[in-house]
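**Student:** Okay, here's the structure, questions in a sec.
2 protein chains.
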Amino acid sequence: MEETAEMMNSNLKLNSRDRAVLMKTPFLNGLGSSSLVGMLSAMSVLSLASRTSIFREGEKPDAFYCVLSGYVRLYRLSHEGREADIQICGPGETFAECLLYGGDRYAHHAQAAENVTLARFDMQAVRDLADEQKDVARAVMTSLSRHLLNSMDCVANDRLFTAPQRVANYILARCPVDGGPASIRLPFQKSLLAGMLGLAPEALSRAFSTLRKTGVTVRGRAIQVVDVAALRDI
Amino acid sequence: MEETAEMMNSNLKLNSRDRAVLMKTPFLNGLGSSSLVGMLSAMSVLSLASRTSIFREGEKPDAFYCVLSGYVRLYRLSHEGREADIQICGPGETFAECLLYGGDRYAHHAQAAENVTLARFDMQAVRDLADEQKDVARAVMTSLSRHLLNSMDCVANDRLFTAPQRVANYILARCPVDGGPASIRLPFQKSLLAGMLGLAPEALSRAFSTLRKTGVTVRGRAIQVVDVAALRDI
DNA sequence: CGACTCTTTGAAGCGCGTCAATCGAGGTGG
DNA sequence: CCACCTCGATTGACGCGCTTCAAAGAGTCG
Chain A
422 MEETAEMMNS NLKLNSRDRA VLMKTPFLNG LGSSSLVGML SAMSVLSLAS
472 RTSIFREGEK PDAFYCVLSG YVRLYRLSHE GREADIQICG PGETFAECLL
522 YGGDRYAHHA QAAENVTLAR FDMQAVRDLA DEQKDVARAV MTSLSRHLLN
572 SMDCVANDRL FTAPQRVANY ILARCPVDGG PASIRLPFQK SLLAGMLGLA
622 PEALSRAFST LRKTGVTVRG RAIQVVDVAA LRDI
Chain B
422 MEETAEMMNS NLKLNSRDRA VLMKTPFLNG LGSSSLVGML SAMSVLSLAS
472 RTSIFREGEK PDAFYCVLSG YVRLYRLSHE GREADIQICG PGETFAECLL
522 YGGDRYAHHA QAAENVTLAR FDMQAVRDLA DEQKDVARAV MTSLSRHLLN
572 SMDCVANDRL FTAPQRVANY ILARCPVDGG PASIRLPFQK SLLAGMLGLA
622 PEALSRAFST LRKTGVTVRG RAIQVVDVAA LRDI
């Protein structure tokens, strides 16, 4: 919790790391300078402590967000209070931008899964910008397309693969190499990964221990893979 | 199979029913007349027999589609050959339009689940149109947004609800009334509904028989609900 | 050291997939 | 018109995979 001091302030100016993340986003990276100015003036920065609610399902949407640091959890509740994660958003990822032209209510809850800093975009302002400048419209379309592909991927993964297979897929997707040994580090705690893969934390734990016999070693957030190629055969 | 003769022909002109479906699509319904002309000239109509492949995962995308009549199945294959449906597209629904600005390969297979007629849109032509005319860009954004919301809904449903609950949700979503008795008719065969809900056909069958004690009667494609309000409590 | 929180492990149960057999509806041909 | 064939839907039996609950282990901070 070394960020506690920063955490208390809202509407801070961007620090250089957050600024770099923001500019690499599909939303901003291809924009001309005038559009960029417009987007930045429709935007504000905010920092939230872990577990803070960002918006709730059913509320009127007035803004969408881009994660600058930390992770955000999008989830929905069942009638009995069980929660199911729909998506985990990390640095550079945008969420709720589908409401620019979609429904008139937030379709799920959003919560800070850690201490986070967010860029908040006013929806009406961005709609107006997109109406006037085509590079903004194009950025919106690119972001929506990526998002949609990810979401459909998620459905396919849930329906096709078992827990160990999904975990293997996750690891493989972040291994830089094609074969041989590799080691990666989880960017968040395991319970978040579990939700992201549509699993209970216990199921993730068991999936890891199943993968031990395929050469996967886990200690804390560090994951070691003996042979990436072997893992791909799962 | 009374449509066999029509089935053989490609690039037919639109009949009036298909034309009406097409115009109500988010893609075309808000367009100005010049954009509309552009879109129609980027489009061709084709009819396909049931089970015909429309495109395969991994192919280079050159077009996206809008269903005019019949149903289309989007699915992905596992390594062992099992298939999982990602989405079922009915009349008025568009698919693969996320590749306008998304990936450079089709992300899944598309197959005619029945005899279908489709509007085929040339991607590069639509990209060019969207670049020039903002109502086209807006139509693309609207379509993508809807699609994304549906897809996220699908993830949430899969993760939150059991088979009978998902079936109940499906029925409720197409019941015009809020309470009391209702009766609806499935627009396709049950195996398609099963895939749409992420179930094996047997599981759908069992879900229906579970719902019998909640006042749901099924005969063929006809579904009768004694009390819609009671069904909502599941 | 003790009080958290996160993770792991065990045990039990349920939901769903799979395989196989049966049933029913539609269509075909004798 | 009926026997037959095919395909979709149903039902039963079985097993696997995951959730749930409970408790213990591991890490982290005061």
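In order, the protein sequences belong to chains A and B. So this note's numbering is basically just the index in the first sequence, starting at one, shifted up by 421. So this note's numbering is basically just the index in the second sequence, starting at one, shifted up by 421. Don't be surprised by glycine CBs; every beta carbon is placed ideally from N, CA and C.
Across which residues does DSSP place M464/B in a beta bridge pair?
**Tutor:** Within the second sequence, the letter at position 43 stands for residue 464/B. F542/B.
**Student:** Within the same chain, show all residues whose beta-carbon is closer than 7 Å to that of R548/B, passing over the 5 residues directly before and after it, in chain order.
**Tutor:** Here residue 548/B is taken as the residue at index 127 of the second sequence, counted from 1. Cβ neighbours of R548/B beyond the five flanking positions: L521.
**Student:** Quick check: what's the CA-CA separation for Q545/B versus D552/B?
**Tutor:** By one-based count along the second sequence, residue 545/B stands at place 124. By one-based count along the second sequence, residue 552/B stands at place 131. Each residue's alpha carbon lies about 11 Å from the other.
**Student:** Out of L652/B, L570/B, P512/B and G616/B, which has the shortest C-alpha to C-alpha gap to R497/A?
**Tutor:** Counting from one through the first sequence, the residue named residue 497/A turns up at place 76. Of L652/B, L570/B, P512/B and G616/B, the residue nearest in Cα terms is L570/B.
**Student:** Once you ignore the five residues that flank T631/B on each side, which residues in its own chain have a CB closer than 6 Å to its CB?
**Tutor:** Counted from its first residue, the second sequence places residue 631/B at position 210. The answer, listed in chain order, is P585.
**Student:** In three-state terms, what does DSSP make of A533/A?
**Tutor:** Locating residue 533/A in the first sequence gives position 112, counting from the first residue. A533/A falls in the strand class under three-state DSSP.
**Student:** In angstroms, rounded to a whole number, what distance separates the CA positions of L565/B and R653/B?
**Tutor:** Here residue 565/B is taken as the residue at index 144 of the second sequence, counted from 1. Here residue 653/B is taken as the residue at index 232 of the second sequence, counted from 1. Approximately 29 Å between the Cα atoms of the pair.
**Student:** Counting pairs of beta carbons, one from the segment 586 to 601 of chain A and one from the segment 640 to 654 of chain A, are three or more of them closer than 8 Å?
**Tutor:** The segment 586 to 601 of chain A vs the segment 640 to 654 of chain A: in contact.
**Student:** Please list, in chain order, the chain B residues whose beta carbon lies closer than 7 Å to that of K555/A.
**Tutor:** Indexing the first sequence from 1 puts residue 555/A at position 134. The contacting residues are D552, K555 and A558.
**Student:** Report yes or no: is there a C-beta of chain B within less than 7 Å of the C-beta of Y522/A?
**Tutor:** As a position in the first sequence, residue 522/A is number 101, starting the count at 1. So, interface residue.
**Student:** Does any residue of chain B bring its CB to less than 7 Å from the CB of T446/A?
**Tutor:** Here the question's residue 446/A lines up with position 25 in the first sequence. Not an interface residue.
**Student:** Could you check what DSSP says for I592/A in three-state terms: helix, strand or coil?
**Tutor:** Here residue 592/A is taken as the residue at index 171 of the first sequence, counted from 1. The answer is helix: DSSP assigns I592/A an H, G or I state.
**Student:** How far does the beta strand (DSSP E) with S656/B in it extend, from its first residue to its last?
**Tutor:** This structure cannot speak to residue 656/B, because chain B is shown only from 422 to 655.
**Student:** For chain B, check one thing: does any of its Cβ atoms lie closer than 7 Å to the Cβ of T638/A?
**Tutor:** Residue mapping note: residue 638/A aligns to position 217 of the first sequence, counting from 1. Not an interface residue.
**Student:** Within 10 angstroms of its Cβ, does H500/A collect 16 or more other Cβ (buried), or is it exposed?
**Tutor:** Sequence index remark: in the first sequence, residue 500/A carries index 79 (1-based). Exposed.
**Student:** Check whether the segment 594 to 609 of chain B touches the segment 478 to 485 of chain B, taking contact to mean three or more Cβ pairs, one atom from each stretch, closer than 8 Å.
**Tutor:** Counting Cβ pairs under 8 Å, fewer than three are found: no touch.
**Student:** Determine the contact status of A540/A and L489/A, defining contact as a CB-CB distance below 7 Å.
**Tutor:** Walking along the first sequence from the start, residue 540/A turns up at place 119. Walking along the first sequence from the start, residue 489/A turns up at place 68. Taking 7 Å as the Cβ cut-off, A540/A and L489/A qualify as a contacting pair.
**Student:** List the residues of chain A whose Cβ lies closer than 8 Å to the Cβ of L569/B, in chain order.
**Tutor:** Looking up residue 569/B in the second sequence gives position 148. Ordered by position in chain A, the residues that pass the 8 Å Cβ test against L569/B are C519, G523, L565, H568, L569 and S572.
**Student:** Under a CB-based cut-off of 7 Å, is D599/A close to chain B?
**Tutor:** The count along the first sequence starts at 1 and reaches residue 599/A at position 178. Judged by the 7 Å Cβ criterion, D599/A is not in contact with chain B.
**Student:** Which residue from I509/A, G451/A and F582/A puts its Cα closest to that of P608/A?
**Tutor:** Position 187 of the first sequence holds residue 608/A. When only C-alpha atoms are compared, the closest one is I509/A.
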